[in-house]
Amino acid sequence: MEPLLAENITPVALAALTLGLFIAGACKGILGLGLPLIGVPVLATFLPTRDVVAILWLPMMWANAFQAFQGGGGGVAFRRFWPVMAMMAVGAWVGTILLVSLDDHLLLGIVGGIVVVFSALSLAHPRFALAARLERPVGLGIGIAVGVLLGVSLHMGPLLAIYFVAIGLPKEDFIRAIGATFFAGVVLIGIFYLAYGVFEPHHVVLTIGATVPVAIGGWVGQRLRTRVNEARFRKALFVLLILIGANLIRRAVF
Numbered sequence: 018m019e020p021l022l023a024e025n026i027t028p029v030a031l032a033a034l035t036l037g038l039f040i041a042g043a044c045k046g047i048l049g050l051g052l053p054l055i056g057v058p059v060l061a062t063f064l065p066t067r068d069v070v071a072i073l074w075l076p077m078m079w080a081n082a083f084q085a086f087q088g089g090g091g092g093v094a095f096r097r098f099w100p101v102m103a104m105m106a107v108g109a110w111v112g113t114i115l116l117v118s119l120d121d122h123l124l125l126g127i128v129g130g131i132v133v134v135f136s137a138l139s140l141a142h143p144r145f146a147l148a149a150r151l152e153r154p155v156g157l158g159i160g161i162a163v164g165v166l167l168g169v170s171l172h173m174g175p176l177l178a179i180y181f182v183a184i185g186l187p188k189e190d191f192i193r194a195i196g197a198t199f200f201a202g203v204v205l206i207g208i209f210y211l212a213y214g215v216f217e218p219h220h221v222v223l224t225i226g227a228t229v230p231v232a233i234g235g236w237v238g239q240r241l242r243t244r245v246n247e248a249r250f251r252k253a254l255f256v257l258l259i260l261i262g263a264n265l266i267r268r269a270v271f
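To convert, count from 1 in the sequence shown and add 17; that's this note's numbering.
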């Protein structure tokens, strides 16, 4: 496959990609999640899936490092959930192997399916109560599943969110736990992407450039958080994502 270089992206595609990254960053600022859920399908509309996940690596690293360590407490989350993160490493290794092995049309369909399912889950907002004695064993299984999804598509948010809600984390602990596990996952996937050739030298300029609109969008989103009706915004966003995901599935099939 010919390397994707910044100068090979058309002005129209560049404008659409920049807007998509800005919106993804804004949603991250408003809701605390949504960067890969929005960024991956939007970018995959214009670019090969392997390029998409490589380009989004640095923006995800920046956004989740900020979320994990703001206000302190990130270290507590790392100590409590390190077994989940360890299993994420196993799953991420498997997911990366799938990413480099599968046909891009199949990857497009997988990404579309993940976006549709995760968006539907986010709309349904399922709540489960998990007994304290089950936190560790269920967490290990969640870690592997999340790692595989992370390796293939960078998606991990809704599944982790359901788990953290199920074990009864308070709001602030929830935000730190999400940020810490996301941060650990992005570090892990960066290592595997380098090892398996997903992340290549020509992606450096692109991933640095992608961080700028995401950062600006995140800043705007944080300031809009108190002015936006979060419930309506969330519903409209995930309905739109279901349509985008369905379009990716259509492209994969037809």
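Think of the CB as a built atom: it goes at the ideal place given N, C-alpha and C, for glycine as much as any other residue.
Quantities reported herein were computed from a predicted structural model and do not represent experimental measurements.
Cβ-based burial, residue i [other Cβ within 10 Å; buried from 16]
i, result
"Ser118", "exposed"
"Phe271", "exposed"
"Leu258", "buried"
"Pro76", "buried"
"Phe122", "Contrary to the premise, residue 122 reads as His rather than Phe in this sequence. Exposed."
"Pro230", "buried"
"Glu19", "With a pLDDT of 49 at Glu19, under the threshold of 50, the predicted position of this residue should be treated as unreliable, though the coordinate-derived value follows. With fewer than 16 other Cβ atoms within 10 Å, it is exposed."
"His172", "buried"
"Gly160", "buried"
"His142", "exposed"
"Asn246", "exposed"
"Phe145", "exposed"
"Ile47", "buried"
"Lys45", "buried"
"Ala253", "exposed"
"Val101", "buried"
"Val69", "buried"
"Leu31", "exposed"
"Trp236", "exposed"
"Val215", "buried"
"Val256", "exposed"
"Ala248", "exposed"
"Ile225", "exposed"
Boundaries of the alpha helix (DSSP H) in which residue i is found, first to last residue
i, result
"Glu152", "152 to 170"
"Arg144", "From DSSP, Arg144 is part of no alpha helix (DSSP H); its letter is neither H nor E."
"Pro218", "Careful: Pro218 lies outside any alpha helix (DSSP H) and carries neither H nor E."
"Pro175", "174 to 183"
"Leu254", "247 to 270"
"Asp190", "188 to 212"
"Arg242", "Here Arg242 belongs to no alpha helix (DSSP H), and DSSP marks it neither H nor E."
"Asp68", "66 to 72"
"Ile47", "28 to 48"
"Ala61", "52 to 61"
Nearest-angstrom beta carbon gap, residue j and residue i [assumed within contact, 8 Å]
i, j, result
"Leu265", "Ala61", "6 Å"
"Gly128", "Pro58", "Note that residue 128 corresponds to Val in the displayed sequence, not to Gly. Sure, about 6 Å apart at Cβ, within 8 Å."
"Leu50", "Ala178", "7 Å"
"Gly42", "Gly238", "7 Å"
"Tyr180", "Gly196", "With 8 Å as the limit, Tyr180 and Gly196 do not qualify as a contact, their Cβ atoms being about 15 Å apart."
Is the segment 165 to 181 touching the segment 200 to 220 in the sense that three or more CB pairs, one from each, lie closer than 8 Å? With the cut-off at 8 Å, the segment 200 to 220 and the segment 165 to 181 touch.
At a cut of 8 Å, does the segment 100 to 111 reach the segment 221 to 238 through at least three beta carbon pairs? Contact between the segment 100 to 111 and the segment 221 to 238 is absent, because fewer than three Cβ pairs lie under 8 Å.
contact_flag[the segment 186 to 202, the segment 33 to 42] where n(CB pairs < 8 Å) is 3 or more: Judged by Cβ distances under 8 Å, the segment 186 to 202 makes no contact with the segment 33 to 42, as fewer than three pairs qualify.
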